[in-house]
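The listed protein sequences correspond, in order, to chains A and B.
Letter 167 of the first sequence, counting from 1, is numbered 167 in this note's numbering, and no numbers are missing.
Letter 158 of the second sequence, counting from 1, is numbered 1158 in this note's numbering, and no numbers are missing.
Ideal placement from N, C-alpha and C gives every residue a C-beta, glycine not left out.
Note that the coordinates shown come from a computational prediction; the quantities given were computed from them, not determined experimentally.
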Amino acid sequence: MGKETSKPGGNLDDQDIVARVQSGDREAFGILVDRYQRMVFALAQRMTGSPDEARDVVQSAFLNAFRQIGGFRGDASFKTWVYGIALNECRMLYRKSGRTVAMDAAPEPAAPESRGHALDRLVLGKLVGRLPEKQKAALILRVCDDLPFRDIGEILGTSEASAKVNYFHAVKKLRGWLRPEPDEEGEP
Amino acid sequence: MTERDACRRVRQTLQRLDQGATVADSVLEDAAAHLGGCPDCGGLETFETDLRTALHEAPADLPSAADLERDALAIMELVRAEPARLAEQRAARSRAAFGERRSRRARGGFVRWTGAAAALAASLALLLVEWREEAPVIDRRPVLALDDVDASELAASDDAWLVASYDIFDLQASDVEDVLRVEDLSDDELDALEGMFGSAPNVS
């Protein structure tokens, strides 16, 4: 449950650290920042597509986590909880900037897939950025963080089934953008 | 349901999701299961592997260690600036709890005094009622009973009583060993009897 032996406060469980913070030990919160800063940054960068915006999201997410830590009951892991806060920050950033993503945004022309089936990360990153928010979040949390669908559902505030469908829908869309599906009459 | 029907149904589900519709969990479960296994709709395993390879965290995606450390320090500076609020919140919570205890005590006292006053008022009211009830109460039952008697019956009963008065004498006379005969009464005794009963028919 979040035990890290190679980081500060290594043997301490996340719940123990949270309890310390809740009782007033603000420096203990630094341990949680150290543990999850990179993960939250990676998530934020994939969601926003911008390293600078991702750093802003990370700062806001941890500050809000500290402010709300009195209400953290340990029903979910700290990682899941702070991921949810980070995704909310991404959503608010999106709304502030007035950015919208069409539900069925037309993809940019994709680079041709190589024979080794390697996908161009840059192109893929752009295509992922065009996915609707929940699909994008489900995809990133599943592919990049290997989170179970139950945890993804908790982070997104949806059911596990909804998290699965959002994920598969995202993957299917990406594949369709990269490799148009054959029509009923045969191969394209 | 044929495989094509299932594929079409899943496509419709995904279209509804894209349009922002709410879809039941059971439908989502079916769609997820189908997408994971159908070679036409899904067949995603290979693609997923490529996707993971392409999207998975790479060193170039993250800031440098120095940048990360600087960001972490900035976060902790903000956190340290928050303690006043934390302390305020704790103090506010303590004040709220103290105030609640005080108000609870006050409420308790108020409740006690209110209860005592209510009990006193109720006692006084009961006493008042009982005092009023102790005033002589006329038993109206005989009076009410009289009202129910038919006037003709009452009159008849008087006559009967009058007639019975003679019978009484006779009965009384018959109850007595020595029969009292009217002939044996003196004039004075007869006058006294008449005075009691008013004018009497001729008695023989």
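Query raised in the report: Alpha carbon to alpha carbon, what distance is there between D52 (chain A) and L156 (chain A)?
Result: Numbered from its first residue, the first sequence carries residue 156 (chain A) at position 156. Numbered from its first residue, the first sequence carries residue 52 (chain A) at position 52. L156 (chain A) and D52 (chain A): Cα-Cα distance of roughly 23 Å.
Query raised in the report: If we call anything under 9 Å between Cβ atoms a contact, is E1029 (chain B) one with A161 (chain A)?
Result: The residue you call residue 1029 (chain B) lines up with position 29 of the second sequence. The residue you call residue 161 (chain A) lines up with position 161 of the first sequence. Yes, they are a contact pair.
Query - Whole-Å CB distance - L1062 (chain B) paired with A42 (chain A), under 8 Å assumed - result: Along the second sequence, read from residue 1 onward, the residue named residue 1062 (chain B) stands at position 62. Along the first sequence, read from residue 1 onward, the residue named residue 42 (chain A) stands at position 42. Right, the Cβ-Cβ distance comes to about 6 Å (below 8 Å), so this counts as a contact.
Query raised in the report: Any idea what DSSP makes of N88 (chain A), helix, strand or coil?
Result: Taking the first residue of the first sequence as position 1, residue 88 (chain A) is located at position 88. In this structure, N88 (chain A) counts as helix in the three-state DSSP scheme.
Query raised in the report: Pick from A:N88, A:F62, A:E89: whose alpha carbon is nearest that of F78 (chain A)?
Result: Counting from 1 along the first sequence, the entry for residue 78 (chain A) is found at position 78. Closest by alpha carbon: A:F62.
Requested in this report: Check the Cβ of E1077 (chain B) against every Cβ in chain A and list those closer than 8 Å, keeping chain order.
Outcome: Looking up residue 1077 (chain B) in the second sequence gives position 77. The contacting residues do not exist; E1077 (chain B) stays about 10 Å from chain A at best.
**Report entry** Min CB distance D1080 (chain B) to chain A below 9 Å
**Finding:** Working through the second sequence from its first residue, we reach residue 1080 (chain B) at position 80. Asp is not the amino acid found at residue 1080 (chain B); the sequence shown has Arg there. Yes, contact with chain A.
**Report entry** Same chain, Cβ closer than 6 Å to L141 (chain A), five either side skipped, listed in chain order
**Finding:** Position 141 of the first sequence, counting from 1, holds the residue named residue 141 (chain A). If we look at L141 (chain A) and ignore the five residues flanking it on each side, its Cβ neighbours are L147, I152.
Query raised in the report: Leaving out five residues before and five after G84 (chain A) in sequence, what residues of the same chain have Cβ atoms less than 6 Å from its Cβ?
Result: Along the first sequence, read from residue 1 onward, the residue named residue 84 (chain A) stands at position 84. Only I155 meet the Cβ criterion.
Query raised in the report: Assuming F66 (chain A) and V1079 (chain B) make a contact with CB atoms under 8 Å, what is their CB distance in whole Å?
Result: By 1-based counting over the first sequence, the position of residue 66 (chain A) is 66. By 1-based counting over the second sequence, the position of residue 1079 (chain B) is 79. Going by Cβ atoms, the distance from F66 (chain A) to V1079 (chain B) rounds to 5 Å, so yes, they are a contact pair.
Query raised in the report: Are R1004 (chain B) and A1031 (chain B) closer than 9 Å when you measure CB to CB?
Result: Here residue 1004 (chain B) corresponds to residue number 4 of the second sequence, with the count starting at 1. Here residue 1031 (chain B) corresponds to residue number 31 of the second sequence, with the count starting at 1. No; because the gap between Cβ atoms is not below 9 Å, this pair is not in contact.
Query raised in the report: Three-state secondary structure (DSSP) at V171 (chain A)?
Result: Here the question's residue 171 (chain A) lines up with position 171 in the first sequence. Here V171 (chain A) sits in helix by DSSP.
Query raised in the report: If we ignore side chains and look at the alpha-carbon of each, how far apart do A1021 (chain B) and V165 (chain A) end up?
Result: Within the second sequence, residue 1021 (chain B) is the residue found at index 21, counting from 1. Within the first sequence, residue 165 (chain A) is the residue found at index 165, counting from 1. If I take the Cα positions, the gap works out to 13 Å.
Query raised in the report: Beta-carbon of Q68 (chain A) versus every beta-carbon of chain B: anything under 9 Å?
Result: Counting from one through the first sequence, the residue named residue 68 (chain A) turns up at place 68. Not closer than 9 Å to any Cβ of chain B, the Cβ of Q68 (chain A) fails to qualify, so no.
**Report entry** 8 Å Cβ cut-off: residues of chain A touching R1009 (chain B)
**Finding:** Taking the first residue of the second sequence as position 1, residue 1009 (chain B) is located at position 9. Here the premise fails: no neighbours, minimum Cβ distance about 13 Å.
Report task. Would you please verify whether the beta carbon of G19 (chain A) is less than 9 Å from any beta carbon of chain B? Result -> Counting from one through the first sequence, the residue named residue 19 (chain A) turns up at place 19. Strictly speaking, residue 19 (chain A) in this sequence is Ala, with Gly absent from that position. So, not an interface residue.
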